[in-house]
Amino acid sequence: MVAFAMRKVPNRETTEISHVLLCNVTQRVSFWFVVTDPSKNHTLPAAEVQSAIRMNRNRINNAFFLDDHTLEFLKIPSTLAPPTDPSVPVWIIVFGVIFCIVIVAIALLVLSGIRQRRRNNKRSPGLEDAEDKCENIITIENGVPCDPLDTKGGHVNDGFLAEDERLTPL
Amino acid sequence: MRLAIKRRASSGQRPGPTRERTPAMEKARPQWGNPLQFVFACISYAVGLGNVWRFPYLCQMYGGGSFLVPYIIMLIVEGMPLLYLELAVGQRMRQGSIGAWRTISPYLSGVGVASVVVSFFLSMYYNVINAWGFWYLFHSFQDPLPWSVCPLNGNRTGYDEECEKATSTQYFWYRKTLNISPSIQENGGVQWEPALCLTLAWLMVYLCILRGTETTGKVVYFTASMPYCVLIIYLIRGLTLHGATNGLKYMFTPKMEQLANPKAWINAATQIFFSLGLGFGSLIAFASYNEPSTNCQKHAITVSIINSSTSIFASIVTFSIYGFKATFNYENCLNRVILLLTNSFDLEDGFLTANNLEEVKDYLASTYPSKYNDVFPHIRNCSLESELNTAVQGTGLAFIVYTEAIKNMEVSQLWSVLYFFMLLMLGMGSMLGNTAAILTPLTDSKVISSYLPREAISGLVCLINCAIGMVFTMESGNYWFDIFNDYAATLSLLLIVLVETIAVCYVYGLKRFGSDLEAMTGRTLNWYWKSMWAFVSPLLIIGLFIFYLSDYIITGTLQYQAWDATQGQLVTKDYPPYALAVIGLLVASSTMCIPLVALGTFVRNHLKMGGSAPVA
Chain A
0 MVAFAMRKVP
10 NRETTEISHV
20 LLCNVTQRVS
30 FWFVVTDPSK
40 NHTLPAAEVQ
50 SAIRMNRNRI
60 NNAFFLDDHT
70 LEFLKIPSTL
80 APPTDPSVPV
90 WIIVFGVIFC
100 IVIVAIALLV
110 LSGIRQRRRN
120 NKRSPGLEDA
130 EDKCENIITI
140 ENGVPCDPLD
150 TKGGHVNDGF
160 LAEDERLTPL
Chain B
0 MRLAIKRRAS
10 SGQRPGPTRE
20 RTPAMEKARP
30 QWGNPLQFVF
40 ACISYAVGLG
50 NVWRFPYLCQ
60 MYGGGSFLVP
70 YIIMLIVEGM
80 PLLYLELAVG
90 QRMRQGSIGA
100 WRTISPYLSG
110 VGVASVVVSF
120 FLSMYYNVIN
130 AWGFWYLFHS
140 FQDPLPWSVC
150 PLNGNRTGYD
160 EECEKATSTQ
170 YFWYRKTLNI
180 SPSIQENGGV
190 QWEPALCLTL
200 AWLMVYLCIL
210 RGTETTGKVV
220 YFTASMPYCV
230 LIIYLIRGLT
240 LHGATNGLKY
250 MFTPKMEQLA
260 NPKAWINAAT
270 QIFFSLGLGF
280 GSLIAFASYN
290 EPSTNCQKHA
300 ITVSIINSST
310 SIFASIVTFS
320 IYGFKATFNY
330 ENCLNRVILL
340 LTNSFDLEDG
350 FLTANNLEEV
360 KDYLASTYPS
370 KYNDVFPHIR
380 NCSLESELNT
390 AVQGTGLAFI
400 VYTEAIKNME
410 VSQLWSVLYF
420 FMLLMLGMGS
430 MLGNTAAILT
440 PLTDSKVISS
450 YLPREAISGL
460 VCLINCAIGM
470 VFTMESGNYW
480 FDIFNDYAAT
490 LSLLLIVLVE
500 TIAVCYVYGL
510 KRFGSDLEAM
520 TGRTLNWYWK
530 SMWAFVSPLL
540 IIGLFIFYLS
550 DYIITGTLQY
560 QAWDATQGQL
570 VTKDYPPYAL
580 AVIGLLVASS
590 TMCIPLVALG
600 TFVRNHLKMG
610 GSAPVA
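First to last, the protein sequences are chains A and B. All residue numbers for the first sequence refer to numbering that gives the first Met the number 0, where the first residue is 0 and numbers rise by one. All residue numbers for the second sequence refer to numbering that gives the first Met the number 0, where the first residue is 0 and numbers rise by one.
Right, dumping it as C-alpha cells:
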C-alpha cells in the first residue's frame, strides 16, 4: 500500500515494494517504516512520504476496512470531512414558514377587528351621548349588579294604570 | 301611564364600587369565557422558566430532598397568602394595577405605576429568552444537531480551537448563538440572526394579546397544558435513560444539616416569591377580568400548589437528565483512560475494563514504573461525583447542559424539538402575563384608550419593547441580559409587595377589605389569611429585603461572568462604572415611583384645596 501511495507521487513512479523497509513490528500490528530511493542510497524525507500517504489515505483505509480512528499514522494529521452545508441554512426555512404564518394570522385578526368596529359604528351612530349608554353598562352597588334597574327606558311599574285604560269619565 | 325610573350608583367620590364607563369603550369590561380560562392563565403565567431552571439548582445546592421542607413551609406561609391577596385585590377593584391601587388610596397609585415599570423592564429582557428558544428550535431540524459537532479549523486538520477548549454545546451557545464579546465594554453590533428571532418572538406575543381576553383566554389553554405533556414524555424518557437513577439518588438524598443553613430558608422564600410572579400586576390584571363572585381563594390555593408541584416534577426530570449526562461523561472518561493505557502498554484489546481498571493500574505502576510515570499525567481521575456536582442554573442549564444530554440520546432531533417547544410554551405563557400587566392599566386609562384602539396600543407596546430589546442581541447583549435578570425585578418587587400588603391591611383596613370580599364572593375571610396578611407575610418580606440589601452592601463591587474565548471558560470581571449606573437606575426608577407619585398627589391635592377658597 505504501509503495502504491509513493507511486502516485510525481518522480517516484518507480517505487517498488522492496523499497519500503519495515522495522519494529509488534504483535499489535504497529510498525515503523521508511521508503528508500530506488537506487537504495538514502531514505526519502518524511514530509514527502507524509503528503503521499495523506493524498491516498482513503484508499489505504478502505483496503483494510478501517477508518481514520482505527488506523493511525503517527504525525500524519487526518483531513476531517466538513459537515454538509446546504445552500440555504435549514433554520431560515423553518423561520420563514413560521414568520409568514404569524404575519397572516395577525393580519386576519386586525382586519376582522376593524371590520367589526366599522359594523358597530354603522349600526349605532346615535350613541355618542354617554348618558344613553346605560343599557350596556354594568353598575355594581355593593357587589350586586344594578342591571335590572338600569335598562334603557326604565321599568314599567305595574302599580300604575295601563296606558290604554279609559280615563275616568266626567 | 309609564313612569321611567333610572337608577344610577353614586360615582366615586369615595373609594368604592366604580362605574365601568369610558367614552371610548361602549361595552362592559371584557371577561374570561369561563373560570377555567382564568385558572389556566394564572398557571401559564406562574409556571415559567424559573420552575425548570432555578428550582433544581436550589434543590441541589441546599440539601436535596431536605430543601423541600423550607420550600413547602414558605409556600404555605408566604406564597398562598400573598397570591390570594393580589387576586382578591384585582377581583374586587376590577381594574389594572394603577387603577386598583388608586382606588385603595390615591396616594398609593405609585405602587401600580411601579408595578407597570417593573413589568416593562421584565418584558424587555424576558422575550430574548424566547428568541433564543426559537433559534435552537429552528436549528433542531438538522442532522446531526449543530451543537453536537465542533466545526473544523482553517486547514481542516482539526477542530476549531475555541471549541476544543470548551465543549461543542458551550461553543454553539457562546459563539454561534450569542457571538459573545470578551467583556461588557465591547459592544459589537446587532447580530441579525438573534434580531430576527426576537422580532418573531414579539410578533407571536402580539398575536396572542391582540384581542385581549378573547384571544388570550384561548391561547392559555394551550400554553398551560402543553408543557406538562412534554414534561411527562421527558419524565418517561428520562427515567429510562442509562444512569438516570444516579442523578435522582444524588439529588434526593436529604442532607439534613442544610436545614440549619439560613441561606436555604432565604432562598426558599425568594424562590416562592418570584416563582409566583407577585408584584408585577399581572395577577391583578387577570383577576380584574373575573366575575365578582369567583372563588379566588380556591383558585389561589390551586395555582400555588400546581406551581410548586410543577417545580418538583421538573426537577425530577432535570435530575434524571443530569444523571444520564454525568454517567455518559464518566463512562467516556473511563474509556479514554482505558484506551490510553491499552495503547501505551500494548495490552490486549478488551483486557482492561471499568471493573479491573484500578487493579491493572496498580499492577502496571509496579511492573513498569518508569513508563507508567510517563503516562500518568495524562490519566484523568474519572469521578461520577464530580460530574454530578456541576450544578448549573439559568440559561446555562437550559441551553448548555440539556442540549449536551439531548445530543447523546437516540433520535435527538425529536427530543430537541420537544424540549425547546416546551421552553417556548413556558416563556410565552409568562410573557402573556407580563404584557397583560402593562396593557390593562393602559387600556383602562380613559386618556389613552380614547385616542387609540386596543390593537394599536398593544402594537405600540410590542414595537417599543422589540426596539429596546435589540440591545440584547448585540455581542455584549448577554451581559446586559444578566444585569436585567439579576437587578431589574428583585429588590423592587419586594418593596412593591410589602407596600401592597401594608396598604391593604392598614390603609384600606383589613376589616373593610374582609367585608368587601364577603359581600363579593359570599365567603367570610378566614382568620388564617387575616393573620398572615397583617403580620407574618410583611415580616417575612422585610426580612428578605434586609438580607438582600446587606448582601449587596457586603459584597462591595458587583461582578459578572464573562466568556473568555482563548481559555474556553467563564472568567469573573468587575462591572464598569456605567454598568453600575444602569443597575442603580433600574432599581431606582421603579422603587422611586411609590414616594414620587404619593408626593405628586399630595402636592396636587394641596394646590386644589388652596386654589378653591372655602366659602363662608
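Every residue gets a Cβ at the ideal spot worked out from N, C-alpha and C, and that includes glycine.
Notebook entry, point to check: Helix, strand or coil: which one does DSSP assign to residue 561 of chain B?
Noted result: Here residue 561 of chain B corresponds to residue number 562 of the second sequence, with the count starting at 1. DSSP places residue 561 of chain B in strand when its eight states are reduced to three.
Checklist line | Three-state class that DSSP yields for residue 131 of chain B in the structure shown | finding: On the second sequence, residue 131 of chain B is found 132 positions in, with the first residue counted as 1. In the structure shown, residue 131 of chain B sits in a helix (DSSP, three-state: H, G or I).
Next item on the list: Taking C-beta pairs closer than 9 Å, name the residues in chain B that residue 101 of chain A reaches, listed in chain order.
Entry: Position 102 of the first sequence holds residue 101 of chain A. By Cβ distance, chain B contributes 199, 202, 203, 205, 206.
Note to self: Helix, strand or coil for residue 42 of chain A? Go by DSSP, reduced to three states.
What the structure shows: Working through the first sequence from its first residue, we reach residue 42 of chain A at position 43. Note: residue 42 of chain A maps to strand in three-state DSSP.
Margin query: Which residues in chain A have a C-beta closer than 8 Å to the C-beta of residue 156 of chain B? List them in chain order.
Written below: Residue 156 of chain B sits at position 157 when you count from the first residue of the second sequence. Going along chain A in sequence order, the residues near residue 156 of chain B (Cβ under 8 Å) are 76, 77, 78, 79.
Checklist line | Contact with chain B by residue 70 of chain A, beta-carbon distance below 9 Å | finding: Numbered from 1 along the first sequence, position 71 holds the residue referred to as residue 70 of chain A. No, no contact with chain B.
Check: So, is the C-beta of residue 377 of chain B closer than 9 Å to a C-beta in chain A?
Finding: Within the second sequence, the letter at position 378 stands for residue 377 of chain B. By this cut-off, residue 377 of chain B is not an interface position.
Next item on the list: Under 6 Å Cβ to Cβ from residue 219 of chain B, same chain only, skipping five residues before and after it: list those, please.
Entry: Stepping through the second sequence from its first residue, residue 219 of chain B is reached at position 220. Excluding residues within five positions, the ones whose Cβ falls inside 6 Å are 39, 40, 43.
Item checked: Residues of the region 439-461 of chain B with Cβ closer than 9 Å to any Cβ of chain A, in chain order -> 452, 453, 454, 458
Next item on the list: Can you tell me which of B:137, B:531, B:181 puts its alpha carbon nearest to the alpha carbon of residue 509 of chain B?
Entry: Position 510 of the second sequence, counted from the first residue, corresponds to residue 509 of chain B. Answer by Cα proximity: B:531.
Notebook entry, point to check: Given that residue 695 of chain B touches chain A, what residues does it touch there, using C-beta distances under 8 Å?
Noted result: With chain B represented from 0 up to 615, any question about residue 695 of chain B goes unanswered, as that position is not in the structure.
Next item on the list: Measure from the C-beta of residue 295 of chain B to each C-beta in chain A and report whether the shortest distance is under 9 Å.
Entry: The residue labelled residue 295 of chain B in the question sits at position 296 within the second sequence. Taking Cβ atoms only, chain A never reaches closer than 9 Å to residue 295 of chain B, which makes this a no.
Margin query: Counting only Cβ pairs nearer than 7 Å, list the residues of chain B close to residue 98 of chain A.
Written below: Position 99 of the first sequence, counted from the start, is the residue given in the question as residue 98 of chain A. 199, listed in chain order.
Next item on the list: For residue 63 of chain B, I'd like the list of residues in its chain whose CB is within less than 7 Å of its CB, leaving aside the five on either flank, ordered along the chain.
Entry: The count along the second sequence starts at 1 and reaches residue 63 of chain B at position 64. Counting only Cβ-Cβ distances below 7 Å, and skipping sequence neighbours, we find 250, 251, 252, 253, 254.
Next item on the list: Please confirm if residue 63 of chain A has its CB atom under 9 Å from at least one CB of chain B.
Entry: As a first step, residue 63 of chain A must be located in the first sequence, where it is residue number 64. Not an interface residue.
Note to self: Beta-carbon within less than 8 Å of residue 503 of chain B's beta-carbon, same chain only, minus the 5 sequence neighbours each way: which residues are those?
What the structure shows: Reading the second sequence from its first residue, position 504 is the one you call residue 503 of chain B. The answer, listed in chain order, is 84, 88, 103, 509, 512, 532.
Next item on the list: Compare the C-alpha of residue 184 of chain B against each of B:478, B:106, B:216 and name the closest.
Entry: One-based indexing of the second sequence puts residue 184 of chain B at position 185. Among B:478, B:106, B:216, the Cα nearest to that of residue 184 of chain B is on B:478.
Margin query: Beta carbons nearer than 7 Å to chain A: which residues of the region 129-142 of chain B have them?
Written below: 137, 138, 140, 141
Margin query: Going by beta-carbon coordinates alone, are residue 135 of chain B and residue 176 of chain B separated by less than 9 Å?
Written below: Sequence index remark: in the second sequence, residue 135 of chain B carries index 136 (1-based). Sequence index remark: in the second sequence, residue 176 of chain B carries index 177 (1-based). Their beta carbons are under 9 Å apart, which means residue 135 of chain B touches residue 176 of chain B by this criterion.
Margin query: When you compare the CB positions of residue 313 of chain B and residue 69 of chain B, do they come within less than 9 Å of one another, or not?
Written below: Within the second sequence, the letter at position 314 stands for residue 313 of chain B. Within the second sequence, the letter at position 70 stands for residue 69 of chain B. Cβ atoms of residue 313 of chain B and residue 69 of chain B: not closer than 9 Å.
Check: For the alpha helix (DSSP H) that contains residue 218 of chain B, what are its first and last residues?
Finding: Translated into positions along the second sequence, residue 218 of chain B becomes position 219. Taken as a continuous stretch (DSSP letters only), the alpha helix (DSSP H) holding residue 218 of chain B covers 212-238.
Checklist line | Three-way DSSP call (helix, strand, coil) for residue 32 of chain A in this model | finding: Counting from one through the first sequence, the residue named residue 32 of chain A turns up at place 33. Reduced to three states, the DSSP call for residue 32 of chain A is strand.
Note to self: Helix, strand or coil for residue 196 of chain B? Go by DSSP, reduced to three states.
What the structure shows: Mapped onto the second sequence, residue 196 of chain B falls at position 197. DSSP places residue 196 of chain B in helix when its eight states are reduced to three.
Next item on the list: For the alpha helix (DSSP H) containing residue 434 of chain B, list its first residue and its last residue.
Entry: Looking up residue 434 of chain B in the second sequence gives position 435. From DSSP, the alpha helix (DSSP H) with residue 434 of chain B extends over 411-443.
Next item on the list: Determine the chain D residues that contact residue 3 of chain A at a beta-carbon separation under 8 Å, and present them in chain order.
Entry: Absent here is chain D; the protein component of the structure consists of chains A and B.
Next item on the list: Please confirm whether any heavy atom of the ligand SAM lies closer than 8 Å to the CB of residue 107 of chain B.
Entry: The model depicted lacks the ligand SAM and carries no ligand whatsoever.
Notebook entry, point to check: Roughly how many whole angstroms lie between the Cα atoms of residue 109 of chain A and residue 528 of chain B?
Noted result: To locate residue 109 of chain A, count along the first sequence from 1; it is residue 110. To locate residue 528 of chain B, count along the second sequence from 1; it is residue 529. Straight-line Cα distance between these residues: approximately 44 Å.
Next item on the list: Mind checking who residue 624 of chain B pairs with in its DSSP beta bridge?
Entry: The requested residue 624 of chain B does not occur in the structure, where chain B is confined to residues 0 to 615.
Notebook entry, point to check: So, is the C-beta of residue 195 of chain B closer than 9 Å to a C-beta in chain A?
Noted result: Mapped onto the second sequence, residue 195 of chain B falls at position 196. Closer than 9 Å: yes.
Checklist line | Spatial distance of residue 589 of chain B from residue 492 of chain B (CA atoms) | finding: Residue numbering aside, residue 589 of chain B sits at position 590 when the second sequence is read from its first letter. Residue numbering aside, residue 492 of chain B sits at position 493 when the second sequence is read from its first letter. Between residue 589 of chain B and residue 492 of chain B, the C-alpha separation is close to 9 Å.
Check: Measuring CB to CB, does residue 53 of chain B end up less than 9 Å from residue 393 of chain B?
Finding: Start at 1 with the first residue of the second sequence, and residue 53 of chain B comes out as number 54. Start at 1 with the first residue of the second sequence, and residue 393 of chain B comes out as number 394. Yes.
Next item on the list: Can you have a look at residue 466 of chain B and say buried or exposed, based on whether 16 or more other CB atoms are within 10 angstroms of its CB?
Entry: Start at 1 with the first residue of the second sequence, and residue 466 of chain B comes out as number 467. Exposed: under 16 other Cβ atoms inside 10 Å.
Next item on the list: May I have a chain-ordered list of the alpha helix (DSSP H) segments no shorter than 4 residues that lie completely inside the region 251-285 of chain B?
Entry: 261-274
Item checked: Inter-residue spacing [alpha-carbon to alpha-carbon] between residue 601 of chain B and residue 593 of chain B -> As a working mapping, residue 601 of chain B is identified with position 602 in the second sequence. As a working mapping, residue 593 of chain B is identified with position 594 in the second sequence. The alpha-carbon atoms of residue 601 of chain B and residue 593 of chain B are separated by roughly 12 Å.
Item checked: Beta carbon proximity, residue 116 of chain A to chain B, threshold 9 Å -> Reading the first sequence from its first residue, position 117 is the one you call residue 116 of chain A. So yes, residue 116 of chain A belongs to the interface.
Item checked: chain B contact residues for residue 104 of chain A, given Cβ-Cβ distances below 8 Å -> Residue numbering aside, residue 104 of chain A sits at position 105 when the first sequence is read from its first letter. Within 8 Å Cβ-Cβ: 206.
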